[in-house]
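Numbering (our numbering), first residue to last: 2 to 136.
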């Protein structure tokens, strides 16, 4: 077991789950077993999420639309879209994934991808610990 502690910070766990799920199934899984999918409000939080992604992996994050909102229904002006994204190709790309280079893309929500969950009340002012859980 990996223990992450810091005297002045709360603890936030970011968990990458390698089993493939649609965005809504991933959200339900995160809410049942952890807290939710990650809500990314700044570049430091984006880097924390990025840190759990191995090379060549893209994973669901907690962003969906219309309009773009986080899975907890909150708004955040922070975005880190890949160049040319979001493009809503074919008019049905309503969910966001982050890749191993920090960049986000909009995808069809029924695409099956690995996904990230977080455990903890907020991603702000937290010590970040990351885990990979394989099926």
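Built from N, CA and C at the ideal position, the CB exists for glycine as well.
Along the alpha helix (DSSP H) that carries residue 31, what are the first and last residues, could you check? 24-34
Collapsed DSSP secondary structure at residue 99 in the structure displayed: strand
Within a Cβ cutoff of 7 Å, which residues of the same chain sit near residue 71, ignoring the five residues on either side of it in sequence? 40, 63, 64, 77
Looking at the structure shown, is residue 84 part of a helix, part of a strand, or coil, going by DSSP? coil
Can you tell me whether residue 19 is helix, strand or coil according to DSSP? strand
So, using beta-carbon positions, are residue 94 and residue 54 closer together than 8 Å? no
Can you give me the Cβ contacts of residue 105 inside the same chain, cut-off strictly under 6 Å, excluding the 5 residues immediately before and after it? 81, 82, 97, 99
Residue 57 to residue 103 span [Cα, whole Å]: 11 Å
Any heavy atom of the ligand FAD within a distance shorter than 7 Å of the CB on residue 29? Absence of the ligand FAD is noted for the structure shown, with no ligands found whatsoever.
For the candidate residues 85, 42, 48, 59, whose alpha-carbon lies nearest to that of residue 112? 59
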